[in-house]
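Participant:
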Amino acid sequence: MKQPKSMFVCSECGAQSSKWLGRCPSCGTWNTYNEMIPARETAKTGLSAGSGIRAVPLSTVSLPEYLRAATGISELDRVLGGGLVTGSVVLLSGEPGIGKSTLLMQLSGAVADNSVRRILYVSGEESQSQLKMRSERLKINGDGIFMLTDGDINNILKAAEELQPSIIIADSVQTLTDPELTSTAGSVTQVRQTAARLIEKAKKDSVSVILVGHINKEGSIAGPKILEHMVDAVLSFEGERRYTHRIIRATKNRFGSTNEIGVFEMTENGLCEIPNPSEMLLRDRPVGTSGSCAVCVMEGSRPIIAEIQALATPTTFPSPRRTVNGADYNRLYLLLAVLEKRLGLRFSTQDIYLNVVGGLRIDEPAADLASAMALISGLLDKPLPDDLIAVGEIGLAGECRAVSNTEQRVKEAVRLGFKKIVIPSRSAEKLRTAGNIEFIPLKSIYEALVLFKNQN
Ligand code: TYD
Ligand code: MG
3 MKQPKSMFVC
13 SECGAQSSKW
23 LGRCPSCGTW
33 NTYNEMIPAR
43 ETAKTGLSAG
53 SGIRAVPLST
63 VSLPEYLRAA
73 TGISELDRVL
83 GGGLVTGSVV
93 LLSGEPGIGK
103 STLLMQLSGA
113 VADNSVRRIL
123 YVSGEESQSQ
133 LKMRSERLKI
143 NGDGIFMLTD
153 GDINNILKAA
163 EELQPSIIIA
173 DSVQTLTDPE
183 LTSTAGSVTQ
193 VRQTAARLIE
203 KAKKDSVSVI
213 LVGHINKEGS
223 IAGPKILEHM
233 VDAVLSFEGE
243 RRYTHRIIRA
253 TKNRFGSTNE
263 IGVFEMTENG
273 LCEIPNPSEM
283 LLRDRPVGTS
293 GSCAVCVMEG
303 SRPIIAEIQA
313 LATPTTFPSP
323 RRTVNGADYN
333 RLYLLLAVLE
343 KRLGLRFSTQ
353 DIYLNVVGGL
363 RIDEPAADLA
373 SAMALISGLL
383 DKPLPDDLIA
393 VGEIGLAGEC
403 RAVSNTEQRV
413 KEAVRLGFKK
423 IVIPSRSAEK
433 LRTAGNIEFI
443 PLKSIYEALV
453 LFKNQN
């Protein structure tokens, strides 16, 4: 039989080529092509008539019964869609030092017991004593947690065979190797092969597997993108080093929604769950300053109140600077254009800085109104009332458009003690309960100017 031809695969995006390339034509990165020798392919027969494969009516297919096990960390369970599904494979990605190993150690501590639920914790990055030190710090006694500091996939599978764990944690997938392959750990072929063998194990023996994947500085999971297609769920662990809070969100989930987020705070005793993130995000809010407006965004089923800050300073550059943190850059340009054209405000002579406080990322159009009000307040140097919150989308004509889940957002605002809410008039009409909050309905952003004019 003919030797299979080797392929070259980009380690960034997984693009393939029959020749080695210096620059990937698909993602544009340099020097990322690695050789990969594919396994011998069996002859493809195609779907020949009478092969026994038949289409089944969808109505007769029965629903699968997933066995979900709550991990005991409710912020994580929420993101997973209610718990870890038995036999599922989850990829947990995040920058180095964000707290992936800490979270997984806490998960191990919460799940493991000596009799039924054992954990096999494979670490290719830390020694056993380092792991012990971390568990001491996290006050985990370690019953039912078994450590393996070896990246050889054969040894891992052998240990799993002996232990029969309910969860296998591989920290990280970039340190695993299959000795059958000659390439080094972390290469596309190794990552693909070792992950495939763990996935096979998960499906065969109904054991849950959690793979840790580092992300590179561009923010994508190092190694082939293909890993994301192979696993059942991809969770990304985000947060800024400067802040202590961390957000976990699902970017893919075969067993639940991808909208939910889990919020944690990194303390000296590990990650603490934050069931009410709004309080934390508003904790250090300054009072009576211009350029600040509160907003309520929906993260999955949860309303979260955050603060948007804007600063406008006269520019000294030929083209003014626009710096955005935590919001969409293009959206800022759009809002500035609307404010400039419809309200005649001169932003073009100003450098603009827009910041979502606390490291939260907002990409909901419902934050438009709050961003616009913060920008106007920053430009005019007139503060908004501290107990005012704004929710709404802004169209190109300057009109305020209704947003979803208004009722929930209003409730959260009331809960946190806000007294005035600026909302699109269409949303205000639909609201049934008012609670202890004053509505300021707007048809267009023009009407928002009145809020500033009334002040001295
Ligand atoms: P770690 O879980 O090792 O990160 P990752 O596995 O994602 O690389 O966490 C590293 C950071 O967390 C480290 O800078 C120290 C900090 N940390 C705490 O602040 N408190 C703790 O209890 C622990 C265990 C870690
Ligand atoms: Mg780690």
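Residue numbers 3 to 458, in this note's numbering, belong to the letters of the sequence shown in order. Here a beta-carbon is modelled for each residue, glycine too, at the ideal position from N, C-alpha and C.
Would you kindly work out how many angstroms separate the C-alpha atoms of Leu-347 and Thr-317, rounded to a whole number?
Facilitator: Spanning the two alpha carbons is a distance of roughly 15 Å.
Participant: Restricting to runs no shorter than 3 residues, where is the beta strand (DSSP E) found entirely within the stretch 312 to 376?
Facilitator: Segments of the beta strand (DSSP E) lying fully in the stretch 312 to 376: 324 to 327 and 352 to 358.
Participant: Reducing DSSP to helix, strand and coil, say where Lys-445 ends up.
Facilitator: In this structure, Lys-445 counts as coil in the three-state DSSP scheme.
Participant: To the nearest angstrom, report how far apart Asn-255 and Ser-321 are at their CA atoms.
Facilitator: The straight-line gap from Cα to Cα measures roughly 43 Å.
Participant: Output needed for Asp-388: all residues of its chain with C-beta closer than 7 Å, excluding positions within five of it in sequence on either side, in chain order.
Facilitator: The answer, listed in chain order, is Val-289 and Gly-290.
Participant: Taking 6 Å as the cut-off, is the C-beta of Lys-134 nearer than that to any heavy atom in the ligand MG?
Facilitator: It does not: the Cβ of Lys-134 is nowhere closer than 6 Å to a heavy atom of the ligand MG.
Participant: Identify, in the order they occur along the chain, each residue of the same chain with its Cβ nearer than 8 Å to the Cβ of Thr-88, setting aside the five sequence neighbours on each side.
Facilitator: Tyr-68, Leu-69, Arg-70, Ala-71, Ser-168, Ser-208, Val-209 and Ser-210, listed in sequence order.
Participant: Could you check whether Ser-110 and Ala-100 sit closer than 7 Å to each other, using their CB atoms as the reference points?
Facilitator: Residue 100 is actually Ile in this sequence, not Ala. Contact flag unset, no.
Participant: What residues in its chain sit with their C-beta under 7 Å from that of Asn-438, if we drop five residues either side in the sequence?
Facilitator: Cβ neighbours of Asn-438 beyond the five flanking positions: Val-416.
Participant: Threshold first: 4 residues or longer. Then list the alpha helix (DSSP H) segments lying entirely within the stretch 157 to 229, N to C.
Facilitator: For the stretch 157 to 229, whole alpha helix (DSSP H) runs of length 4 or above, ordered along the chain, are 190 to 207.
Participant: Any heavy atom of the ligand TYD closer than 6 Å to the CB of Arg-139?
Facilitator: Arg-139: yes, Cβ under 6 Å from the ligand TYD.
Participant: Restricting to Cα atoms, I'd like to know which of Asn-261, Ala-368, Ser-259 and Pro-277 is closest to Glu-267.
Facilitator: Of the candidates Asn-261, Ala-368, Ser-259 and Pro-277, the one whose C-alpha sits nearest the C-alpha of Glu-267 is Pro-277.
Participant: Within the present structure, is the beta-carbon of Ile-100 separated from the nearest heavy atom of the ligand TYD by less than 6 Å?
Facilitator: The answer is yes for Ile-100.
Participant: Let me know the secondary structure DSSP gives Arg-304 once reduced to three states.
Facilitator: Correct three-state label for Arg-304: strand.
Participant: Quick one, are the C-beta atoms of Val-81 and Glu-270 less than 7 Å apart?
Facilitator: Not in contact: Val-81 and Glu-270 (Cβ atoms no closer than 7 Å).
Participant: Nearest-angstrom Cα distance between Val-359 and Leu-284?
Facilitator: Spanning the two alpha carbons is a distance of roughly 8 Å.
Participant: Any idea what DSSP makes of Glu-138, helix, strand or coil?
Facilitator: If DSSP states are grouped into helix, strand and coil, Glu-138 belongs with the helices.
Participant: Can you find a CB in chain D that lies within less than 7 Å of the CB of Arg-344?
Facilitator: Considering every chain present, this structure includes no chain D. It has just one protein chain.
Participant: Taking only heavy atoms of the ligand TYD into account, decide whether any of them is closer than 6 Å to the Cβ of Arg-104.
Facilitator: Note that residue 104 corresponds to Thr in the displayed sequence, not to Arg. Yes, the ligand TYD has a heavy atom inside 6 Å of this Cβ.
Participant: In three-state DSSP terms, what is Thr-380?
Facilitator: Before going further, note that residue 380 is Gly rather than Thr in the sequence given. It is helical.
Participant: Just to confirm before moving on: does the CB-CB distance between Leu-178 and Gly-153 stay below 7 Å?
Facilitator: The answer is yes: Cβ separation under 7 Å.
Participant: Quick one: is Leu-213 buried, meaning 16 or more other Cβ sit within 10 Å of its Cβ, or exposed?
Facilitator: Its Cβ being crowded by 16 or more others within 10 Å, Leu-213 is buried.
Participant: Kindly indicate which residue of Pro-426, Gly-264 and Ile-391 has the alpha-carbon position closest to the one of Leu-418.
Facilitator: Ranking the options by Cα distance to Leu-418, first place goes to Ile-391.
Participant: Taking just the CA atoms, how far does Val-236 sit from Leu-93?
Facilitator: Leu-93 and Val-236: Cα-Cα distance of roughly 5 Å.
Participant: In angstroms, rounded to a whole number, what distance separates the CA positions of Glu-449 and Asn-33?
Facilitator: Rounded to whole angstroms, Glu-449 to Asn-33 spans 55 Å at the Cα level.
Participant: For Thr-196, which option in Glu-163, Ile-155 and Glu-182 has the closest C-alpha, if you only look at C-alpha atoms?
Facilitator: When each option's Cα is compared against that of Thr-196, the closest is Ile-155.
Participant: Runs of 4 residues minimum, wholly inside the stretch 221 to 271: which ones carry the alpha helix (DSSP H) assignment?
Facilitator: Fully enclosed alpha helix (DSSP H) runs of 4 or longer: 228 to 232.
Participant: Taking the beta carbon of His-247 as the centre, do at least 16 other beta carbons fall within 10 Å, making it buried, or is it exposed?
Facilitator: Answer is buried; the Cβ neighbour count reaches 16.
Participant: Which term fits Pro-27, buried or exposed, when burial requires 16 or more other beta carbons within 10 angstroms of its beta carbon?
Facilitator: Exposed is the call here.
Participant: Among the candidates Thr-62, Asp-115, Ser-61 and Ser-185, whose CA atom is the shortest distance from the CA of Thr-73?
Facilitator: For the residues Thr-62, Asp-115, Ser-61 and Ser-185, the minimum Cα distance to Thr-73 belongs to Asp-115.
Participant: Let me make sure I understand the geometry here. Which of Asn-407, Pro-59, Phe-420 and Val-58 has the alpha-carbon closest to that of Ala-430?
Facilitator: Ranking Asn-407, Pro-59, Phe-420 and Val-58 by Cα distance to Ala-430 puts Asn-407 first.
Participant: Buried or exposed for Phe-319, going by 16 or more other Cβ atoms inside 10 Å?
Facilitator: Exposed.
Participant: With respect to 6 Å, is the separation between the Cβ of Glu-270 and the closest non-hydrogen atom of the ligand TYD below this value?
Facilitator: Flag set: Cβ of Glu-270 near the ligand TYD.
Participant: Identify, in the order they occur along the chain, each residue of the same chain with its Cβ nearer than 8 Å to the Cβ of Ser-446, setting aside the five sequence neighbours on each side.
Facilitator: Here the set comprises Arg-344, Ala-399, Gly-400, Glu-401 and Cys-402.
Participant: State the DSSP-derived secondary structure class of Gly-279, mapped to helix, strand or coil.
Facilitator: Residue identity differs from the one stated: residue 279 is Pro in this sequence, not Gly. Reduced to three states, the DSSP call for Pro-279 is helix.
Participant: Determine, using beta carbons only, whether Ala-312 and Ala-376 come nearer to each other than 7 Å.
Facilitator: Cβ distance < 7 Å, so Ala-312 and Ala-376 count as in contact.
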